[in-house]
Every structure is written in structure tokens, then in C-alpha cells.
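Residues 83 to 532 in this note's numbering are what the sequence shown spells out, letter by letter.
Ideal placement from N, C-alpha and C gives every residue a C-beta, glycine not left out.
Below: one structure, written as C-alpha cells.
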Amino acid sequence: MRFDVRKKPALFAIAAVVVALPVVAFMAGLLVGTDTQPQVAASATAAKPQAIPTRVREPEYPTPQVRTVEIENGDKLMEVLIKAGAERADAHKAIQSLEGVYDPRRDLRVGDKLQITLGPVDTTTPITGSEPVDYQLSSLQLPKTYDREVEVTRTPDAAFTAREVELPLITEFVRATGSIDSSLFVNGRDAGIPISVLTELIRIYSFDVDFQRDIWNGDAFEIMFERQRNEDDVVVNNGDIHYAKLTMRGSQLPLYRFETSKGTIDYFNEKGESVRKALMKTPLDGARLSSRFGKRKHPILGYTRLHAGVDFAAPTGTPIYAAGDGTVEVAHTNGGYGKYIRIRHNGTYSTAYAHLNGYARGVRQGKRVRQGQVIGYVGSTGRSTGPHLHYEIHRHGKQINPLGLKLPSGEKLGGERLTAFQALRESVYAHFAELAPAPLTAEGGKTLAD
Ligand SMILES: [Zn+2]
83 MRFDVRKKPA
93 LFAIAAVVVA
103 LPVVAFMAGL
113 LVGTDTQPQV
123 AASATAAKPQ
133 AIPTRVREPE
143 YPTPQVRTVE
153 IENGDKLMEV
163 LIKAGAERAD
173 AHKAIQSLEG
183 VYDPRRDLRV
193 GDKLQITLGP
203 VDTTTPITGS
213 EPVDYQLSSL
223 QLPKTYDREV
233 EVTRTPDAAF
243 TAREVELPLI
253 TEFVRATGSI
263 DSSLFVNGRD
273 AGIPISVLTE
283 LIRIYSFDVD
293 FQRDIWNGDA
303 FEIMFERQRN
313 EDDVVVNNGD
323 IHYAKLTMRG
333 SQLPLYRFET
343 SKGTIDYFNE
353 KGESVRKALM
363 KTPLDGARLS
373 SRFGKRKHPI
383 LGYTRLHAGV
393 DFAAPTGTPI
403 YAAGDGTVEV
413 AHTNGGYGKY
423 IRIRHNGTYS
433 TAYAHLNGYA
443 RGVRQGKRVR
453 QGQVIGYVGS
463 TGRSTGPHLH
473 YEIHRHGKQI
483 NPLGLKLPSG
493 EKLGGERLTA
503 FQALRESVYA
513 HFAELAPAPL
523 TAEGGKTLAD
């Protein structure tokens with residue numbers, strides 16, 4: 083591929099005139115000789131000892147050309163490179179070098195911005211203004227994850243080598259608070275909490291909170307989460323929740339992120355007890371639950387002995403989670419229950435899920451499932467008036483009221499770990515307080531808002 087980088091002829095003309103007189107003899111010799119040094123460069127070199135060097139152009143060498151290409155639907159890496167100016171053979175070698183580092187079929191995504199650098203084949207010959215410069219693929223940068231990219235560079239022997247590099251990111255903490263008059267999801271989103279963070283927030287609270295019934299108008303939330311910006315100050319990742327608190331009809335449920343004794347990360351309440359329980363109170367994507375304050379009429383929302391379960395009104399297709407670890411006992415149509423799943427968790431508890439739209443892949447009788455794993459999707463099969471999940475908890479084979487069920491908490495921190503947790507809790511809370519917006523003050527210094 084060739085790129086014509088000739089400068090405007092007028093500029094060269096001026097330079098040539100300035101140096102013309104003193105170098106005529108030299109030029110004459112040059113032009114008849116076999117030396118192929120370009121004319122302008124020769125003039126400049128010859129002019130250096132003269133009294134007017136400032137007017138003379140230094141020889142200009144070709145510089146690399148950097149292009150940014152945004153991946154569109156259907157783009158293939160090979161074609162993108164060729165279109166950007168790479169030779170087919172180079173593009174092929176560059177892609178081969180990616181093996182084990184980057185898989186274009188998996189890692190190349192629509193919207194990715196690739197930086198393709200074409201370098202001059204000959205970097206030692208100055209630009210002449212008359213000869214076009216030859217360019218070749220010299221390097222390539224491919225975004226891989228929000229914090230990593232892959233760099234492909236040309237080696238002196240015309241091969242390519244690829245390596246993964248970590249991007250410099252700035253981590254900051256974000257505080258958000260609000261009160262609920264619709265749902266935690268809707269009001270949280272309005273308070274500026276990114277959807278991925280809200281989904282995680284609701285998932286963490288799904289052990290303790292029944293998001294269909296426990297949230298009331300006037301309840302409140304606060305949260306502190308992490309996010310990363312890149313060097314261009316663009317938010318590239320919304321990360322972990324470090325602290326959250328739900329206030330539900332006056333009772334407070336604060337949660338803190340902390341390491342379990344097994345070395346995994348979990349959330350602990352004020353007393354240092356893991357929020358993880360054997361069963362979830364909201365065994366579906368709570369972000370998609372219909373608001374209890376909305377106009378929509380719910381199916382039966384409470385619990386009656388006849389109904390023997392609780393209902394979650396959510397759109398068709400909302401993912402349903404296994405409420406706890408266990409084995410699938412039933413996964414087939416079951417009369418008025420429609421498409422139905424029952425999971426045995428231990429010698430005591432089983433849970434059942436009814437009116438499903440469909441089953442998740444691989445969920446069938448005898449299969450082991452993990453807590454939180456998607457087992458099926460909300461639907462309205464069987465005797466049902468609209469899309470909802472009908473959820474039952476069975477204790478020793480008998481249906482019990484899930485609303486009243488009290489399950490023991492997970493790990494309880496003790497000893498040194500509890501002391502460490504308490505220290506973290508205090509520092510997290512201090513950090514959260516620090517992030518509070520400064521009070522608005524009028525000229526007289528009177529506080530207008532807290
Ligand atoms: Zn029901």
C-alpha cells in the first residue's frame with residue numbers, strides 16, 4: 083500500500099530558491115551523478131554552513147500513520163487490516179501471532195476501536211515531495227477487556243509478536259442515595275446507579291429481601307461502589323459494591339463487602355454475618371419485578387394456605403434462579419402449574435417454580451444446580467392469569483409459607499476476623515460519609531439543604 087505524503091510544492095519551491103545560489107555547483111554535480119539523494123534534502127545539507135540556516139527546511143522523514151478503526155457488524159479482522167492499508171501477507175502473520183493471546187472470533191466485538199499503525203518501509207530516506215512513500219503494517223492495538231489490550235508489533239525479521247498489556251486505570255468510589263417511590267431498580271437508576279451495579283445490589287439483597295412484598299413507598303437506599311476511568315477520563319467499568327444499606331419501614335439492612343474465611347468475597351451485615359443463606363427470598367432477577375406501586379394488577383401477592391406459594395409478577399422471559407444449591411427432582415409440565423421445576427436442597431427443604439415459559443439449557447431431572455444459577459424463565463403456562471413466577475418452599479415435603487421462613491445466616495465472623503471486619507466497616511462508613519455532597523449554602527452561610 084502506498085500513501086502519497088508529498089508536501090505542497092510551493093513550500094519546497096521557497097526552500098529551493100533560498101538555497102539555490104550557493105549550491106548550484108553542488109546540485110549540478112549531484113544531478114549528473116548516480117547518487118539518488120533527493121534534491122531538497124541535498125540542498126538543505128549543503129546550505130547548513132551558510133548564514134541563513136533558519137530559512138532552510140530540515141530533511142523530513144516519513145512518520146508512522148496511525149488510524150483508529152471502529153469495528154462494525156460483520157467485520158473480520160483480516161479485512162479490517164487490509165482495508166486500513168496492510169498487505170495481505172502482513173495481516174495474515176499479525177493475526178497468526180495472536181494465537182493464545184486474542185481470539186478474533188470471540189474477542190473482536192462491534193464498537194471495539196482498533197489502532198492500526200502503518201510505518202514507512204524505509205525510515206532513512208527523507209520525503210522528497212516527488213516520490214510516494216511505501217508503508218507497511220507496523221503495529222496493532224486491540225482492546226480485549228476494559229482493563230487489558232493486546233499489542234501486536236512487527237519484529238525486525240518481518241514477523242509479528244503479540245502480548246497482552248494492562249491499561250492504566252483510575253479507581254474512584256461513587257456514592258448514591260435515594261428514597262423509593264417506585265422500585266429499588268427504578269429509583270436507583272434515577273439516582274445514577276448503573277444498571278450492572280443495581281442488578282448486583284438486588285442480587286445481594288435477594289437472600290434477605292422479598293422484592294415483591296418487602297419494599298414500601300418511602301423506603302430508602304444508600305450505596306458506595308467502585309468504578310474505573312481510563313486515561314481519557316471515560317468510565318470503563320463499574321465495579322464492586324463496597325457498602326449498601328436498605329432502610330425498609332424503619333429497619334436498616336447495611337451490607338459490607340468482606341473476605342470469607344475461605345478467601346472468597348461475600349457481603350456481611352453489621353454484626354459480621356454473611357448474608358448468604360441456604361435459600362433466596364427472591365429467586366429471580368429482582369430488577370425486573372413489576373413495581374408494587376404501579377397501576378398493574380398483580381396476581382395473588384400474599385400467601386394463603388390454599389395458594390401455598392408466593393407470586394412474583396415479572397415480564398415473560400425474566401431469568402429464574404435456583405434458590406439454593408441442590409438437585410433437580412422435577413422439570414416438566416405439571417398440570418395447572420404449567421412448566422414446573424422442583425429442586426431438592428437437602429434432607430429438609432425443596433423449592434418449586436411454576437408457570438415457566440421455558441427451562442434453562444441443561445436443567446433436567448437429576449442435574450445438580452448451584453444457588454443463583456438460571457434454571458428457567460418466567461411465563462404464564464398452566465392455570466395462570468399473566469406472566470409471573472409461582473414459588474413454593476417445601477419442608478419435609480409439606481408446603482410452608484415462604485414469607486415467614488427464617489433461615490440461619492451463612493458464615494459468622496469471629497475472633498481476629500471479626501475485629502478486622504469491624505475496622506473495615508468503620509473505615510468504609512467514614513469513606514461513605516466523606517463522599518457526601520457539600521451542603522448548599524446561601525450567601526449568609528445558611529444551610530439550604532443537607
Ligand atoms: Zn401462585
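Residues in its own chain within less than 8 Å of residue i by CB, not counting five upstream and five downstream?
i    : result
A262 : According to the sequence displayed, residue 262 carries Ile and not Ala. The answer, listed in chain order, is N269, I297, W298, N299, G300, D301, A302, F303.
G440 : K421, G458, Y459, G461
D290 : L335, V357, K359, K363
I247 : The displayed chain sequence assigns Val, not Ile, to residue 247. Closer than 8 Å at the Cβ level, and outside the excluded window around V247, lie R230, E231, V232, E233.
S491 : N351, E355, S356, V357, R358, K359
L506 : Y338, F340
Which whole-angstrom value describes the C-beta separation of residue i and residue j, a residue pair presumed to lie in contact below a C-beta threshold of 8 Å?
i    : j    : result
A436 : Y419 : 4 Å
I198 : A166 : 4 Å
E474 : A390 : 6 Å
S356 : F350 : 6 Å
V256 : A244 : So it is not a contact: roughly 35 Å between Cβ atoms.
I305 : A369 : With a Cβ gap of about 14 Å, I305 and A369 do not count as contacting.
H470 : D393 : 5 Å
P225 : D194 : 5 Å
I286 : F267 : Their Cβ separation, rounded to whole angstroms, is 14 Å, which puts I286 and F267 out of contact at 8 Å.
E308 : D322 : 5 Å
Q447 : V410 : 6 Å
G201 : P146 : 4 Å
Q481 : A404 : That pair is no contact at about 18 Å.
P208 : Y143 : 5 Å
Which same chain residues, not among the five before or five after residue i, have their C-beta less than 6 Å away from its C-beta?
i    : result
Q310 : L251, T253, V318, N319
T127 : Low confidence applies to T127: its pLDDT is 44, below 50, so where it sits in the model is not reliable, and the reading given next is rough at best. For T127, where only same-chain residues beyond five positions count, there are no Cβ hits under 6 Å.
D367 : T400, P401
L163 : A173
T150 : K195, Q197
T415 : K421
Given residue i, which residues of its chain have a CB within under 7 Å of its CB, disregarding the five upstream and five downstream residues?
i    : result
R236 : L219, S220, S221, F242
G408 : I425, R426, H427, V451
R48  : No answer is possible for residue 48: it lies beyond the span of the chain, which begins at 83 and ends at 532.
L487 : I475
I277 : R271
V412 : Y422, I423, R424, Q447
V279 : F307, N320, I323
Using only the alpha-carbon positions, how far apart do residue i and residue j sit?
i    : j    : result
L361 : V316 : 39 Å
R358 : R339 : 12 Å
E493 : R499 : 11 Å
L438 : V451 : 17 Å
D185 : E154 : 17 Å
H513 : D314 : 26 Å
G417 : H472 : 14 Å
G274 : F293 : 20 Å
Q223 : E152 : 12 Å
K175 : P521 : 60 Å
A129 : P141 : Its pLDDT being 44, under 50, A129 is placed unreliably by the model, and the measurement read from it follows with that caveat. Using only the alpha carbons, I get a separation of about 12 Å.
A434 : I423 : 6 Å
G406 : V148 : 52 Å
T329 : L495 : 23 Å
R191 : K158 : 10 Å
L337 : K327 : 6 Å
L371 : S265 : 9 Å
R188 : L249 : 20 Å
S288 : A395 : 15 Å
P397 : S466 : 13 Å
K353 : R443 : 39 Å
A240 : Q504 : 59 Å
E169 : K449 : 52 Å
G79  : Y228 : Residue 79 falls outside the range modelled here, since the chain spans only 83 to 532, and no answer is possible.
A518 : E508 : 16 Å
T206 : V215 : 11 Å
V183 : G156 : 22 Å
R295 : R331 : 12 Å
G464 : L485 : 24 Å
G260 : G345 : 33 Å
H380 : P365 : Below a pLDDT of 50, predicted positions are generally treated as unreliable, and H380, at 46, falls in that range; no measurement from the model is reported.
Q178 : E161 : 14 Å
Mind listing, in chain order, the continuous beta strand (DSSP E) runs of no fewer than 3 residues lying wholly within the region 438-466?
456-460
Restricting to runs no shorter than 3 residues, where is the beta strand (DSSP E) found entirely within the region 299-379?
302-311, 317-330, 333-341, 347-350
Which residues end up in the neighbourhood of ligand 1 when you take C-beta atoms closer than 5 Å to any of its heavy atoms?
G391, D393, H472
List in chain order: all unbroken beta strand (DSSP E) runs of 3+ residues lying wholly within the region 143-176.
147-152
In chain order, which continuous runs of the beta strand (DSSP E) of length 3 or greater are located wholly inside the region 189-273?
195-202, 215-227, 230-236, 242-248, 252-261
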